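For what it's worth, our numbering labels the leading residue of the first sequence as 261, then goes sequentially.
Where a beta carbon is used, it is the ideal one built from N, C-alpha and C, also for glycine.
Please read these numbers as outputs of a predicted model, since none were measured by experiment.
Following: one structure in structure tokens, then a few remarks.
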Amino acid sequence: MSLPLRELLLEPAHRVAEALVGARLERAHTDGTRVVAEIVETEAYRQDDPASHSARGRTLRTEVMFGPPGRLYVYRSHGLHWCMNVVCEEAGVGAAVLLRAARVVDGVEEVRHRRPGRSDRQLLRGPGNLCAGLGVDDRHRGVDVLVDGPLRLAAASTERRLVQRGPRVGVSRAADLAWRFWLDGAPEVSAYRRSPRAPRA
DNA sequence: ACAAGGATTCACT
DNA sequence: GTGAATCCTTGTA
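And the structure:
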């Protein structure tokens with residue numbers, strides 16, 4: 261990732277998703293504790309993409325996806341879980357990158373406290389678990405991760421590692437589009453499951 | 001107004 | 001591998 265984050269986020273979502281593998285997400289809790297995580301799995305969603313919440317235009321829920329890049333789009337999944345996305349591409353375009361899994365770099369005790377009974381590899385594995393482990397919910401909708409605040413995105417280390425790509429998990433439309441990206445060999449990466457509703461390839 | 005269907009997770013067989 | 005939990009958003013009438 262050579263571009264500064266602010267410029268990187270203007271790129272097409274699939275490029276952003278690939279570049280954010282290896283980036284760091286810093287969580288500052290209100291009690292002063294801090295957690296640093298390394299993102300190991302992402303998915304891209306674009307406006308011109310039938311699997312995206314933004315595909316059918318602006319709605320109350322998806323409004324933030326159409327806003328400026330760097331904001332957090334947080335939505336509830338299956339009535340139970342929170343999922344977080346980093347909005348990308350220029351304002352007015354509905355695109356974002358779903359953060360699916362991460363590895364705890366610092367503050368593991370804080371994360372374990374929110375994910376009792378889980379092994380370290382499970383702490384931030386899966387988009388719902390990622391939000392649970394970092395304490396992210398709808399209060400964080402619209403948070404700007406490019407500035408200091410409860411959540412901040414930081415560039416990846418300079419170390420280059422292999423990023424794999426493949427189809428997105430669980431989407432019923434555009435199920436064969438390879439817009440999921442992950443760090444090769446990372447144990448926190450989700451198992452792939454095709455949506456039962458997706459037409460077969 | 002109503003019904004369908006999730007960008008999921010976990011327990012269970 | 002299968003199914004339940006759970007509720008909000010969205011499409012359709």
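Legend entry - For Arg-284 and Gly-352, the rounded distance between their alpha carbons: 26 Å
Inset, instruction - Starting from the C-beta of Leu-265, find all residues in its chain whose C-beta is less than 7 Å away, skip the five residues before and the five after it, and write them out in chain order. - result: Leu-406, Leu-413 and Ala-415
Legend entry - Three-state secondary structure assigned by DSSP to Arg-275: helix
Legend entry - Integer Cβ distance of Ala-442 from Val-449, believed to fall under 8 Å: As written in the sequence, residue 442 is Trp, which differs from the Ala given in the question. With 8 Å as the limit, Trp-442 and Val-449 qualify as a contact, their Cβ atoms being about 4 Å apart.
Inset, instruction - Check the C-beta distance from Arg-287 over to Leu-394 and give it rounded, since I have them as a contact under 8 Å. - result: 5 Å
Inset, instruction - Count the C-beta pairs between the stretch 374 to 385 and the stretch 312 to 331 that are closer than 8 Å, then say yes if the count reaches three, no if not. - result: no
Inset, instruction - Would you mind sorting Arg-466 into buried or exposed? The rule is 16 or more other CB atoms within 10 Å of its CB. - result: The requested residue 466 does not occur in the structure, where the chain is confined to residues 261 to 461.
Legend entry - Enclosing alpha helix (DSSP H) for Val-334 [first to last residue]: First-last for Val-334: 332 to 337, but that is the beta strand (DSSP E), not the alpha helix (DSSP H).
Inset, instruction - List the whole-angstrom C-beta distance separating Arg-421 from Ala-435, where the pair is believed to meet the contact cut-off of C-beta under 8 Å. - result: That pair is no contact at about 27 Å.
Inset, instruction - To the nearest angstrom, report how far apart Asp-291 and Asp-398 are at their CA atoms. - result: 19 Å
Inset, instruction - Find out if the Cβ-Cβ distance for the pair Tyr-335, Val-347 is shorter than 9 Å. - result: no
Inset, instruction - Please report how far the alpha carbon of Glu-457 lies from the alpha carbon of His-338, in whole angstroms. - result: Correcting the residue identity first, residue 457 is Arg in this sequence and not Glu. One C-alpha to the other measures close to 16 Å.
Legend entry - 9 Å Cβ cutoff met for Leu-340 and Arg-360: no
Legend entry - Secondary structure, beta strand (DSSP E): runs of 3+ residues fully inside the stretch 385 to 420: 411 to 414
Inset, instruction - Give every residue of the same chain whose Cβ lies closer than 8 Å to the Cβ of Pro-459, excluding the five residues on either side of it in the sequence, and list them in chain order. - result: Ala-435
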